[in-house]
Each structure stands twice: as structure tokens, then as C-alpha cells.
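I have placed the structure first, in the form of C-alpha cells, so that the comments after it can refer back to it.
Protein chains: 2
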Amino acid sequence: MRATVMYSAGDVRIENVPDPDVKEPTDAVVRVTRACICGSDLWPYKTLEHSDTGRVMGHEAIGIVEAVGADVRTIKAGDVVVMPFAFSDGTCLFCQDDLQTSCLHGGFFGTVEVAGAQAEAVRVPQADGTLFTLPVGEDDALMPSLLTLSDVMGTGHHAAVVANVGPGKSVAVVGDGAVGLCGVIAAKRLGAEQIILLGRHADRIALAREFGATDIVSERGAEAVERVRELTNGFGAHSVLECVGLDQSTETSIEIARPGGAVGRVGVPQDEAMPGSQTAFSDNITVSGGPAPVRAYIEELLPDVLEGRIEPGRVFDRVIGLDEVPDGYRAMNEREAIKVMVKP
Amino acid sequence: MRATVMYSAGDVRIENVPDPDVKEPTDAVVRVTRACICGSDLWPYKTLEHSDTGRVMGHEAIGIVEAVGADVRTIKAGDVVVMPFAFSDGTCLFCQDDLQTSCLHGGFFGTVEVAGAQAEAVRVPQADGTLFTLPVGEDDALMPSLLTLSDVMGTGHHAAVVANVGPGKSVAVVGDGAVGLCGVIAAKRLGAEQIILLGRHADRIALAREFGATDIVSERGAEAVERVRELTNGFGAHSVLECVGLDQSTETSIEIARPGGAVGRVGVPQDEAMPGSQTAFSDNITVSGGPAPVRAYIEELLPDVLEGRIEPGRVFDRVIGLDEVPDGYRAMNEREAIKVMVKP
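Protein chains in written order, with numbering that gives the first Met the number 0: chain A, 0 to 343; chain B, 0 to 343.
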């Protein structure tokens, strides 16, 4: 089959690789009908060191189950399934606590260990715990929004949940990528009264406003902090969704939170030390978050997608075939596209 | 009156200073009957730069109200009161949220701005919001435990609350100072099943065991992490109470938390960046805490003190007069004393 292989920073190729098959009795093989390029794929796109074997990329997909192992009980061939970016057994103590991204027998797609889904097919370990069968056909009109349940919508929702977003709260969303935009949707859905987006791209800002952003702050650093304070009676936001992962965005996130507030981090932190530690301490600001257990959130978010109350699929502004994936990386890296959908 | 004045690191003197008086109509003047030296006083004791005016130290006290300003309604002369380390108006939006340490009209005792309580008397701003009248006489036998409600017991409790300690949980307490020991009391009181103290002083360990610690870890760094993992089925603790504030203790705290767990910080962080950011992220560990709103906790903790269910006053292992305060600083700094009570 054809798949997306990254060999080093900037070196993304479409190549023929062996077809995936059922290796473990808990595996499924899924024919990929929709995949995407993720903002987090841009980190290796910018920094990956060369390897001769390369890495099959992609961790978000919807597809049709082609085969299942002997121990798979709840998933069967022909099912239309959404694949979260992490696989998980669904039974360990962390899965029981709805923290599937820390599953004792879990892991992540598109890594050195487990091939990814920017491909014609993908092997899914722990199929019962990982996959979620969708009550729709292969080409349902809702596919874009359903596809976001594999990562960005669940991730934006996670940021909002761990930042304690709730009715009447003021929320600041740092970052106008697909996750930040989904964070706006999540904040609105959870009842936030004020939603301030920190971003500077006109197309994304326009979409954020449609999703429910009430205010836009395009400044950065100290000026952004000042603007958010002005917009929140001088106090800062109850909840801040950190959807970037850089030092500056993290520091800004802490500085725009009000005393007693919370920062939900879902941008993968690029540095080992977190800035703003003393500010967070002196203001009793909670810093939480991490890889979103999106598997846990599908059940909650799916009805809103199916009934059209949320439309996270609107973050896709480009649809490409597998051969165009290298250019899709380039387009996202150059901020030419918000998020790219792949139809293998 | 006589008061403790710190001029620079290591330079603590008992001097005659002007008697405090009611400056604002919301002030009270309190004759100090009990004060203490706090672990956090040791930071300036080690690092304060010289000033000619010096700083009147001390932020924990019990005393008798001598005078109140015209606007004070709930506190009257003769009341036996406990004074939290922060003053607060009790009415602003942060006080209403029980975050008195972020009061819009609040501040801290023993600072350049507001004289402290290691003195014969202290001026208390925002007396109605700050002081709590105790239903006991001036020399009640429970004075040591009541005195801890001004800081260390409330602070240990805060760490436990923000680290989500609850029935059946495993808790690790990092630091065997007075706050750490009160953290053990708080964890036990909130129903923790396992309480692991990280400390290495025999006398403190013995007291921690009496307070409810089930396990002791005296290793540091990577070895401490390994020991805590062994004690918690390999997963780490649900809740970690960081009661030190150094980089290493913070990093250890994050590393011994289990995925989805929480670290409650009450040790004042000595560095601007927090180590362990990526570990906290990858394991979805919440980092929370800050200056404890001890004023909010007095009402909850007081009955347990009055009825003898908790005995935080046992952290005091030395009682001195005002003249001996400089030696008290030395003794605490050299770990010769856990916590020193001052009877001015």
C-alpha cells in the first residue's frame, strides 16, 4: 500500500510499504477513508533527525474495518470507525479513569513503534479499546466533523475541561490553529460567557468568531497580557486554553489567568522547564492538561456533531489525496492552510 | 515596643520600635501573645539584601485585640484572635471565592510594607476580614495548635486540597518541615489511605508517623522516585504535596505523581521556571497551589483542633521569648528545631 513516510525534517515522501495485517489477536486493520495532518506533525517536520527507515506518519483517521484479530469482540469487519490518536486497551486502571492516553498497554500512532494513518490502511492495536464505531455511512456529509473526534475536537475539549470552563466563565484561548479553534467550540459548548481568542490570522479569526469567540487579541507577550486584562475587568480569564506549546505562549497563558484560575495545556511543550512558575504560584493558578484522552470524549461529543450543534469539521480548509501529502505539510507549516484533510 | 528587625541575611535584631496604632478605620492593634518563626522566614534569613531601615518580621500570631478603628464591626478589644499570614478585606470577589491571599485590598505581614508579628504588638489592616476570634482564653492549653491555624496547618491543608487528596488515595508529602508535617495531618484528616513522607530527619519522621505517615522515603532525586514508585504499585501517588519550593523537590514531586494525579505546591518556588514541565504534560499531572488562603480554612479546621482530633501544635519543639528570636532563626536554619514558638 502507499503511505506517508517522513525521513527527516522537511523530507516527507509517499512510498509503497507492506500492507498492514493483524499481528496480535487484539488488532484490527482499518482501510483509511479520511486522515489528516496535525499541528503536532509539524514539530517533527521541523526537527526530525534523519533515519534510514523513516516513520509512517499520521494519528487521526476514520476508516472501514477490514479485519480483526481473534480476541476482538466489539469491532467487526465493515464497521465505520474513528481512530483516536492514541490506542488503549479500555480496561486498565487508567482507561477506567478515562485517561486512555496513559493506558498501561497503550501507545501512539505515527511513531517509530506504531505506523500511522496517513496511508491507505493502518494496523490498530487494542482495537476494542481504541476504535469507536460510528452510526453513519462511509461518505456521510458529517465526515469532516466526525474526523476531528480523533484528535483536535477532543483535544480542544480536554483543554477546556481541565481549565474548568463552565457557565458564565471568561475563557482565553491561546493559539488560532485547529486545536485552538476547537477550544473555542468547546468553551462555547460548556457555557463560557466570554471567549477571547489570541491569534493573528484573519481567516482563523473569522472562523473563531463564528464558533463563538467574543473578543480577539492579536498582540503578543506583555501587550497581549495587557489587552486580556482590559477585557476582563483587570483580573484575567478564569480559564486559559494553551494550544501552542511554546515558552512564550505558556508564559502568556499563565499571565492572563486570573488568581485562582486554571490553564489547560494541550500544546505539546517544547521545553523541559515551564516559565511563569512563580506567577502561577503567587496567584494560585492551576496548570493542568496533557495528551487528551479523546477516546473518553467521543461519546459526549458525538451527539452534538451528529445533530449539527457543533461543526468542528470547518477547521479543514483543504482536502487532498495521498500524493499531495508532502505539499500538505508544507502548506500547514507555512500557515497557508489551517488543517488539511487527506482522502487516501 | 520591642520587635524583631531583620536588616540583611543572618542579621536579626531585637529592637525598640514605635508602638503600632490604628492608622486606618479598618485597622486593629493586637497585643501578640504567641508568634512563630516560619520556614519561609528562612529565605530572607539566607538571602535578604541589606537595608538601613530593616524589616519587622513575622506573619503568624495569636493575640489580644487592644484597639480597633471606627469601621471595624466584628472584632472588639479584648478578643482572643488568630492572625493569618495574609490580611484580607473578606468582601472582595477573591475573598468571596475563598482566595483571601489574592484579596484586592490585601497583603502580607512581615513585609517592607506591613510590619510583622514577631513583636510585642502588631497593626492588623482589614481587621474584620483578617482576624478570627477564638472561643478560648489567652493561655488555653491548645494555644500551640491554634497558632498553626495562622499558617502551617492551613498551608498543609491547602496543599492537600489542591492536590485532590481524598478517601482511599495515595499521598506523598515532599518535605519534613512544619508545613510537610501539617500536610501529613491534612492528608490523614481528608481520608488518605497511604501517606508517604519524603524526609530525612529522625525527629520529624517520628512525628510524621504519629501524625499518620504510613511510609518514609529518605532517598532523594531519582532514588526517591524509584522508592515511591515501588510503594505505589509502580504508578506513583495520586496526590503530591510539595512543601519545600526548590527545583529538585518540585521535579521529584512531579515525577512521583501518577498519571492523572496532582501536585499541590505550597513551598515558595525559588526559581522562575518550573522543572518537569514535559513530564507533567505527558502524564496529565495537574500542578496547583500557592499562598494558602488560611483564613478560609480556620472555620473548617478549628473544631478538629478544639476537640483534639488533630494536634498540629506538636510541630513546635522550642518555645522562646522575644530576646531569643535571633537564636531561634539560627536553630531553625540549622535544622536544630522544627518550628519555634515565640512568647513576646
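Note that CB positions come from ideal geometry on N, CA and C, so glycine has one too.
All figures in this text were calculated on a predicted structure; none of them were measured in a lab.
- One finds Pro268 and Glu271 in chain B with Cβ atoms closer than 7 Å to the Cβ of A/Gln277, taken in chain order.
- The beta-carbon of A/Arg294 is placed no less than 9 Å from the nearest beta-carbon of chain B.
- DSSP lists A/Gly62 and A/Thr132 as the bridge partner or partners of A/Val80.
- Annotation: Cβ neighbours of B/Ser281 in chain A (cutoff 8 Å, chain order): Gly289 and Pro290.
- Residues are counted here when their Cβ sits less than 7 Å from a Cβ of chain A; for the stretch 239 to 260 of chain B these are Pro258 and Gly259, given in chain order.
- From the listed residues A/Ile13, A/Asp40, A/Gly9 and A/Glu65, the smallest Cα separation to A/Ala27 is found for A/Glu65.
- Residue pairing by DSSP places A/Cys181 in no beta bridge whatsoever.
- A/Ala158 carries a helical assignment under DSSP once its states are collapsed to helix, strand and coil.
- Unbroken alpha helix (DSSP H) runs of no fewer than 4 residues, entirely contained in the stretch 234 to 305 of chain A, are found at 246 to 254, 276 to 281 and 293 to 305, following chain order.
- Closest option to B/Thr213, judged by alpha-carbon separation, among B/Glu241, B/Ala223, B/Ala171 and B/Val123: B/Ala171.
- Counting along the chain, B/Asn232 sits inside no alpha helix (DSSP H), nor does DSSP assign it H or E at all.
- Contacts between B/Ser87 and chain A, judged by CB atoms closer than 8 Å, are missing: the closest CB pair is about 12 Å apart.
- Judged by DSSP secondary structure, A/Met142 falls within the alpha helix (DSSP H) whose first and last residues are Met142 to Leu146.
- Distance from the CA of A/Gly105 to the CA of B/Asp10, rounded to the nearest whole angstrom, comes to 57 Å.
- Look at A/Phe93: its C-beta is under 9 Å from a C-beta on chain B.
- DSSP places A/Arg199 in no beta strand (DSSP E); its state is neither H nor E.
- Taken atom to atom, the span from the alpha-carbon of A/Arg33 to that of A/Ala158 is near 25 Å.
- Identification of chain B residues near A/Ser101 by a Cβ-Cβ cut-off of 9 Å yields Arg257, Pro258, Gly259, Ser281, Asp282 and Asn283, ordered along the chain.
- Among the residues of chain B, those whose CB is under 7 Å from the CB of A/Asp96 are Gly259, following chain order.
- Taking a contact as a CB-CB distance under 8 Å, the pair A/Met0 and A/Arg54 does not count as one, their CB atoms being some 16 Å apart.
- At a cut-off of 9 Å between beta carbons, B/Pro274 contacts chain A.
- B/Thr147 and B/Phe315 have their C-alpha atoms some 9 Å from each other.
- Under the three-state reduction of DSSP, A/Gly9 is assigned to coil, being neither helix nor strand.
- Taking one beta carbon from each stretch, the stretch 246 to 266 of chain B and the stretch 254 to 266 of chain A have fewer than 3 pairs nearer than 8 Å; the two do not touch.
- When Cβ pairs closer than 8 Å are counted between the two stretches, the stretch 123 to 133 of chain A is seen to touch the stretch 75 to 87 of chain A, the count reaching three or more.
- Under the three-state reduction of DSSP output, A/Ser169 falls in the strand class.
- In this structure, B/Tyr296 places its C-beta atom within 9 Å of the C-beta atom of B/Met152.
- In the three-state reduction of the DSSP assignment, A/Phe210 falls in the helix class, which pools H, G and I.
- Here the alpha carbons of A/Thr285 and A/Gly260 stand approximately 6 Å from one another.
- Put simply, of A/Ser169, A/Gly62 and A/Ala291 the residue whose alpha carbon is nearest the alpha carbon of A/Val341 is A/Gly62.
- For the pair A/Ile253 and A/Thr231, the CB atoms are not nearer than the 9 Å cut-off.
- Sequence-distant Cβ neighbours of A/Glu192 in its own chain, meaning closer than 6 Å and more than five residues away, are Gly167.
- Between the alpha carbons of A/Phe108 and A/Ala114 lies a distance of about 6 Å.
- In this model, B/Asp70 and B/Asp138 are separated by some 29 Å (Cα to Cα).
- Not a single CB atom of chain B sits nearer than 9 Å to the CB of A/Arg228.
- Per the C-alpha coordinates, the member of A/Leu189, A/Met82 and A/Arg226 positioned closest to A/Leu197 is A/Arg226.
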